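When the letters of the sequence shown are read in order and numbered with our numbering, they come out as residues 2 to 221. Glycine is no exception: its CB is placed at the ideal position from the N, C-alpha and C atoms. Predicted model only: the values in this text are computed from it and were never measured. To keep things clear, I will list the structure first and then write my remarks on it.
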Amino acid sequence: MSASSAKSPKRAKSTKSATSRRSRTPGSKGASAGRAGKARGALTNNWLPFTAVGLLVIGAVGAVIQNTNPTCADRNGVIPEDWSDDVVNAAEISGFSPSVIAAQIQTESNWDPEAESPVGAEGLAQFMPETWDQYGQGEATSPEASIAAQGHYLRDLRRMMAQLEPADEQEELDLVLAAYNAGPTAVLEEGGVPEFEETENYVSQINELAGTRYADVCTG
2 MSASSAKSPK RAKSTKSATS RRSRTPGSKG ASAGRAGKAR GALTNNWLPF
52 TAVGLLVIGA VGAVIQNTNP TCADRNGVIP EDWSDDVVNA AEISGFSPSV
102 IAAQIQTESN WDPEAESPVG AEGLAQFMPE TWDQYGQGEA TSPEASIAAQ
152 GHYLRDLRRM MAQLEPADEQ EELDLVLAAY NAGPTAVLEE GGVPEFEETE
202 NYVSQINELA GTRYADVCTG
């Protein structure tokens, strides 16, 4: 299932509150003790607004930090290594969900960066050399580079498949996946998903995985 602009279908190998302490100096009884008590009370009262403001600032900063954390926690642990952020980035680039990106990688290479197909497709997203030259950065066996290229290629395939005016998002996805597997030319000439057994199985498998194993990945 290599990414190629024109090729015959093939199957890839599976793959922190610091508390300040103020020292207390013993004072005399009577008026001195009263003045000291009042001073301490005034100091406490003066600090209360600053403490409240401080807590608000800390809370706001915490919220910002939380909101700028990677959008994919992958709580189910179905994405190997540290590639969940790469999957999210590819999803944002392509316009498809992280579930689709992850399911496609599972189908293409079974998450094996060293996977190579009999016809020469390489890496997690199984790029043919000529397509990698156009979309890849670095080595095709680099997981991060392969997932990034996957996102960009899927984005361009979406643009190409727009010519067929897909009726809905599911049809659009099916056309793009078929183009990834069989090549965009074959899909455009057919006017839909070509009746290739491998391509039909490829599209079906990714849709199934995206709706099951990877359905909740990188959400929330």
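C-alpha gap between residue i and residue j, whole angstroms
i: Gln138; j: Glu201; result: 30 Å
i: Ser95; j: Val89; result: 10 Å
i: Pro114; j: Gly124; result: 5 Å
i: Gly78; j: Ala122; result: 27 Å
i: Asp169; j: Leu176; result: 11 Å
i: Ala116; j: Tyr203; result: 17 Å
i: Tyr215; j: Ser100; result: 5 Å
i: Gly193; j: Ser118; result: 25 Å
Buried/exposed call for residue i, threshold 16 Cβ in 10 Å
i: Gln107; result: buried
i: Glu173; result: buried
i: Pro144; result: buried
i: Thr132; result: buried
i: Gln164; result: exposed
Identity of the residue in the options nearest residue i by Cα
i: Ser205; options: Glu93, Gln171 and Val88; result: Gln171
i: Met162; options: Tyr181, Gln105 and Ala104; result: Tyr181
i: Glu109; options: Leu210, Arg160 and His153; result: Leu210
Three-state secondary structure assigned by DSSP to residue i
i: Ala224; result: With the chain covering only 2 through 221, there is no way to say anything about residue 224.
i: Ala4; result: strand
i: Ala216; result: coil
i: Asp134; result: helix
i: Thr200; result: helix
i: Thr142; result: coil
For the segment 83-129, which segments carrying the alpha helix (DSSP H) assignment without a break, of at least 4 residues, lie completely within its bounds, in sequence order? DSSP runs (the alpha helix (DSSP H)) wholly in the segment 83-129: 85-95 and 99-110.
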